[in-house]
Amino acid sequence: MSNQKKKLYAVAAGRAPGLYTAWYGPEGAEAQVKGFPGARYKGFTARAEAEEWLNDCSKPAAPAPGTSAKKKQPAPAAQKQGQRRLLMYADGGCLDNPGPGGYGVVLLDGKRRKEFTGGFRRTTNNRMELMACIAGLGTLKAQSALTIYSDSSYVVNGMTRGWARRWQRNNWMRTDTERAENADLWSALLELCDKHEVAFVWIKGHANNPENERCDQLAKQAAHTRNLPLDEGYEERQRRR
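Read left to right, the sequence shown gives residues 8 to 248 (our numbering).
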């Protein structure tokens, strides 16, 4: 019997980032990176090392000595010929959790800037973080390459580590007995990401990043708005409990 350890493949940038136990096949790592612009992946024999590498890839790069951390930004998503290259900042939250909530989005297209916001009368922090990404992506009419900056580990890890794709493949089961929460929003986000070349990058919240701070401001303003609509997905989940 061979004592060789089974190899794992960590995909940080590909069609469905995450950990894979096989290289070949439709569910293997090769299918996620082959022909994908800017693909980034690595093989490991220890799961802990693979998860640590993926986690490091989802964080913003440290600034080089003598440079300003505020000015240095991670590289944008891979761009195909003819595609626009965009930057998007997204944030969301609630006054209580659950409670009235809102989201804010700043979309940068070269020198052009757009802001989007909205809210619901009762929702959760995680749902508003997801909704911010969905709302921003939903405004794009043409196929685009973009990088989404979010201070939500829930959102960034769910996408870059392949959790959301795995839940989707498992009929939205997080474990054998536990359903994944917010399946309606994860499904909408995955569908939108399939239409574009999207990279998710985690940034630290409340760290004087002007665009992140602006998104936070928009989200809070929306949460304080009167006569907010129902978050149907949240209400449906409450009815099932």
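For each residue, glycine too, the CB sits at the ideal point set by N, CA and C. Remember, predicted model here, so these are calculated numbers, not experimental data.
- Message: Is it buried or exposed, Glu239, if we count other Cβ atoms within 10 angstroms and call 16 or more buried?
- Response: Residue 239 sits at position 232 when you count from the first residue of the sequence shown. With fewer than 16 other Cβ atoms within 10 Å, it is exposed.
- Message: One question on the structure: do Gly169 and Ala139 come within less than 9 Å of each other, judged by their Cβ atoms?
- Response: As a first step, residue 169 is located in the sequence shown; it is residue number 162 there, counting from the start. As a first step, residue 139 is located in the sequence shown; it is residue number 132 there, counting from the start. Against a cut-off of 9 Å, the Cβ pair of Ala139 and Gly169 comes out as no contact.
- Message: Determine whether the beta carbon atoms of Gly126 and Ala195 lie at a separation below 9 Å.
- Response: Against the sequence shown, residue 126 aligns to sequence position 119. Against the sequence shown, residue 195 aligns to sequence position 188. Not closer than 9 Å, so no.
- Reduced DSSP category for Ile141 - H, G, I as helix; E, B as strand; rest coil: The count along the sequence shown starts at 1 and reaches residue 141 at position 134. Here Ile141 sits in helix by DSSP.
- Task: Examine the Cβ distances between the segment 110-127 and the segment 179-192 and report whether three or more of them are shorter than 8 Å.
- Result: no
- Checking contacts by CB at 9 Å: is Trp30 closer than that to chain B? Looking at the structure shown, chain B is missing, and only one protein chain is on hand.
- Item | Chain-order list of residues whose beta-carbon lies under 8 Å from that of Glu242 (same chain, five-residue window excluded) | Looking up residue 242 in the sequence shown gives position 235. Excluding positions up to five away in sequence, the list reads Arg129.
- Message: Let me make sure I understand the geometry here. Which of Glu218, Gly165, Cys101 and Val18 has the alpha-carbon closest to that of Leu235?
- Response: Residue 235 sits at position 228 when you count from the first residue of the sequence shown. The candidate whose alpha carbon is nearest that of Leu235 is Cys101.
- Message: Does Trp209 come out as helix, strand or coil in the three-state DSSP assignment?
- Response: For the purposes of this step, residue 209 is taken as the residue at position 202 of the sequence shown. Strand.
- In this structure, what does DSSP give as the bridge partners for Leu94? In the sequence shown, the residue the question calls residue 94 occupies position 87. Its beta-bridge partners are Leu115 and Thr154.
- Would you check if the distance between the CB atom of Leu330 and the CB atom of Glu198 is smaller than 9 Å? This structure leaves residue 330 out entirely; the chain is present only between 8 and 248.
- So is Asn216 buried or exposed if we call it buried at 16+ other beta carbons inside 10 Å? Here residue 216 is taken as the residue at index 209 of the sequence shown, counted from 1. Burial call: buried.
- Taking the alpha carbon of Val18 as the point to measure from, which residue in Thr52, Tyr161 and Trp60 has its own alpha carbon closest? Taking the sequence shown and counting its residues from 1, one reaches residue 18 at position 11. It is Trp60 whose Cα lies nearest to the Cα of Val18.
- Item | Residues bridged to Leu15 (per DSSP) | For the purposes of this step, residue 15 is identified with residue 8 of the sequence shown, where counting begins at 1. Answer is Phe51, bridged to Leu15.
- Task: State buried or exposed for Asp158, treating a residue as buried only when at least 16 other CB atoms are found within 10 Å of its CB.
- Result: Counted from its first residue, the sequence shown places residue 158 at position 151. So Asp158 counts as buried.
- Item | Buried versus exposed, by CB contacts within 10 Å (16 or more), Asn178 | Indexing the sequence shown from 1 puts residue 178 at position 171. Asn178 should be labelled exposed.
- Round the Cβ separation of Tyr110 and Met135 to the nearest angstrom and send it over; I've been treating them as touching at under 8 Å. Reading the sequence shown from its first residue, position 103 is the one you call residue 110. Reading the sequence shown from its first residue, position 128 is the one you call residue 135. About 5 Å separates the two Cβ atoms, so the contact holds.
- DSSP on Lys121, reduced to helix/strand/coil? What you label residue 121 is simply residue 114 of the sequence shown in a count that begins at 1. Three-state result, Lys121: strand.
- Message: DSSP has Tyr110 in a bridge; who is on the other side?
- Response: For the purposes of this step, residue 110 is identified with residue 103 of the sequence shown, where counting begins at 1. Bridge partners of Tyr110: Gly99 and Gly125.
- Query: Under a three-way DSSP split, which group does Leu225 fall into?
  - Reply: As a working mapping, residue 225 is identified with position 218 in the sequence shown. Reduced to three states, the DSSP call for Leu225 is helix.
- Item | Simplified DSSP assignment, three categories, for Leu61 | Position 54 of the sequence shown holds residue 61. Leu61 falls in the helix class under three-state DSSP.
- Use the C-beta contact count for Arg172: other C-beta atoms within 10 angstroms, 16 or more gives buried, fewer gives exposed. Indexing the sequence shown from 1 puts residue 172 at position 165. Buried: at least 16 other Cβ atoms inside 10 Å.
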